[in-house]
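Down below is the structure, laid out as structure tokens.
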Amino acid sequence: MTCNDSGYQAISFDHSTHQATVNEDACTGCTLCYSVCPIPECIQMVPRRGAWKAPNRGISPDFKLVTPDVLKLRPREKLVINEN
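Note that the UniProt record's numbering has the sequence shown beginning at 1, numbered continuously upward.
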């Protein structure tokens with residue numbers, strides 16, 4: 001796993017200088033980059049400046065789970081295999 005494999009894509013690289021930059025708006029502070037970085041003490045976690053705003057990712061809060069008709073379970077009629 002590398003920095004680019006991060007689920008939040010908060011780290012970008014300059015291809016000419018090979019220098020990494022953290023996009024603070026996309027960073028959630030999950031420490032995944034810190035955990036997988038192969039260079040010891042290269043990344044230091046610091047307190048966030050200002051209020052934290054959750055990134056706009058995942059399922060929106062107003063999402064309503066609706067099951068399509070083809071997946072809805074309908075009660076079965078009683079199946080009689082042996083009437084004895």
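By construction, the Cβ of each residue, glycine as well, lies at the ideal position given by its N, Cα and C atoms.
Quick check on DSSP: helix, strand or coil for residue i?
i	result
serine 35	helix
threonine 21	strand
Determine the extent of the beta strand (DSSP E) in which residue i is found, giving its start and end residues.
i	result
serine 16	Serine 16 -> no beta strand (DSSP E), and no H or E assigned at all.
Given this structure, state the Cα-to-Cα distance separating residue i from residue j, to the nearest angstrom.
i	j	result
phenylalanine 13	arginine 76	58 Å
glutamine 44	histidine 18	18 Å
tyrosine 34	lysine 64	35 Å
aspartate 62	tryptophan 52	21 Å
alanine 20	glycine 29	16 Å
Under 8 Å by Cβ, that's how I've got residue i and residue j pegged, so tell me the actual separation to the nearest angstrom.
i	j	result
isoleucine 39	valine 22	Going by Cβ atoms, the distance from isoleucine 39 to valine 22 rounds to 15 Å, so no, they are not a contact pair.
Compare the C-alpha of residue i against each of the options and name the closest.
i	options	result
arginine 49	Cys27, Gln9 and Ser16	Cys27
valine 46	Cys37, Val66 and Glu24	Glu24
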